[in-house]
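Structure first, then comments.
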Amino acid sequence: MIPKLEAAEYVTGHVLHLRFDDGLEGDVDLEDEMWGEVFEPLKEPEAFRRFELDRELNTVTWVTGADLAPEFLYAKVTAQQPGSSREPATVR
C-alpha cells in the first residue's frame, strides 16, 4: 500500500515538494511528464502551479483533469533520497 500524500507545495517551474504520511518527502521535477492532451496546458508554470491535493485520490490534480498516480509520485520522491539505487520513475 502506498503511503498517503499529506502535503504538496509548489516550488518553482514544474517542481513540487511532496510529503507522505510515512515521513518520506522531497522535491520532484515533473516537467518531463507534461505531455498529452490533459497535461499540455500545464506546460505553462502559471497553470501548473494551480494544482489541488485530492485526498480521496491521494494525489495532486489539476482543473484540466490531469493527475499523476500516487505510486508514481512516491517512486519519484524515493528515487531522490540519498543512497537510493532506484532510477527516477518514468511513465510513458
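Going by this note's numbering, the first residue of the sequence shown is number 1, and it counts up by one from there.
All C-beta atoms in this analysis are idealised placements derived from N, C-alpha and C, irrespective of residue type, glycine included.
The structure displayed is predicted, hence computed values, not measured ones.
Check your understanding: Quick one: what's got a C-beta closer than 6 Å to glutamate 33's C-beta in the same chain, skipping five residues either side?
Key -> Here residue 33 is taken as the residue at index 33 of the sequence shown, counted from 1. If we look at glutamate 33 and ignore the five residues flanking it on each side, it has no Cβ neighbours.
Which listed residue (Pro82, Leu42, Gln81) has its alpha carbon closest to that of threonine 61
Along the sequence shown, one-based indexing puts residue 61 at 61. That would be Leu42, whose Cα lies nearest to the Cα of threonine 61.
Alpha-carbon spacing of leucine 24 relative to glutamate 37, whole angstroms: If you number the sequence shown from 1, residue 24 lands on position 24. If you number the sequence shown from 1, residue 37 lands on position 37. Leucine 24 and glutamate 37 have their C-alpha atoms spaced approximately 31 Å apart.
I need the straight-line Cα distance from leucine 30 to threonine 12, nearest angstrom please. Numbered from 1 along the sequence shown, position 30 holds the residue referred to as residue 30. Numbered from 1 along the sequence shown, position 12 holds the residue referred to as residue 12. Rounded to the nearest angstrom, the two C-alpha atoms are 11 Å apart.
- Task: Give the straight-line distance between the Cα atoms of aspartate 22 and alanine 47, rounded to the nearest whole angstrom.
- Result: Counting from one through the sequence shown, the residue named residue 22 turns up at place 22. Counting from one through the sequence shown, the residue named residue 47 turns up at place 47. About 29 Å.
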